[in-house]
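Each number in the numbering used here comes from the position in the sequence shown (counting from 1) with 1086 added on.
Remarks on the structure that follows.
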Amino acid sequence: MPDDYYLNVLNKYNELAREPSYPTSAVPLLELGDGHYYLYQNESGKVLQWAAPNGGIVKTLDQDLETFLGNALFTP
């Protein structure tokens, strides 16, 4: 994937990880708009809703990654 491609997860991670409140070992999953994102935190295995700038973790979802992705991709 080209380095400047808008779907490049590494580019989005590098952008978001500069925020002081960005959780360690988290990977961006989905942008919700208005500075909100769903992240997967590798250490805990949890899906988080996180807000930038300086919003921090809004909530921790009670779903594993597989369930979250299935719902996000296949539920209208």
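Idealized CB from N, CA, C, for every residue including glycine.
Mind checking whether residue i and residue j have CB atoms under 8 Å apart?
i: L1151; j: Q1135; result: no
i: L1102; j: Y1123; result: yes
Just tell me which of the options has its CA closest to the CA of residue i.
i: N1128; options: A1158, Y1099, A1112, L1096; result: A1112
i: N1157; options: V1133, A1103, G1121, A1138; result: V1133
i: P1094; options: G1141, L1116, R1104, F1154; result: The residue you asked about is not Pro; residue 1094 is Asn in the sequence shown. Residue L1116 is the option with its Cα nearest to N1094.
i: Y1126; options: L1118, P1114, P1139, D1120; result: P1114
i: Y1108; options: T1153, P1139, F1160; result: P1139
i: G1121; options: F1154, S1130, E1105; result: E1105
i: G1131; options: K1098, G1142, T1153; result: T1153
Check residue i in the structure and name its three-state DSSP category.
i: L1151; result: helix
i: G1131; result: coil
Taking the beta strand (DSSP E) that residue i falls in, what are its first and last residues?
i: Y1099; result: Premise fails: Y1099 lies in the alpha helix (DSSP H), 1095-1102, not in any beta strand (DSSP E).
i: E1105; result: Looking at the DSSP string, E1105 is not in any beta strand (DSSP E), and its letter there is neither H nor E.
i: A1112; result: 1112-1119
Would you list the residues sitting across from residue i in a DSSP beta bridge?
i: P1162; result: The partner list for P1162 (beta bridge, DSSP) is empty, contrary to what the question assumes.
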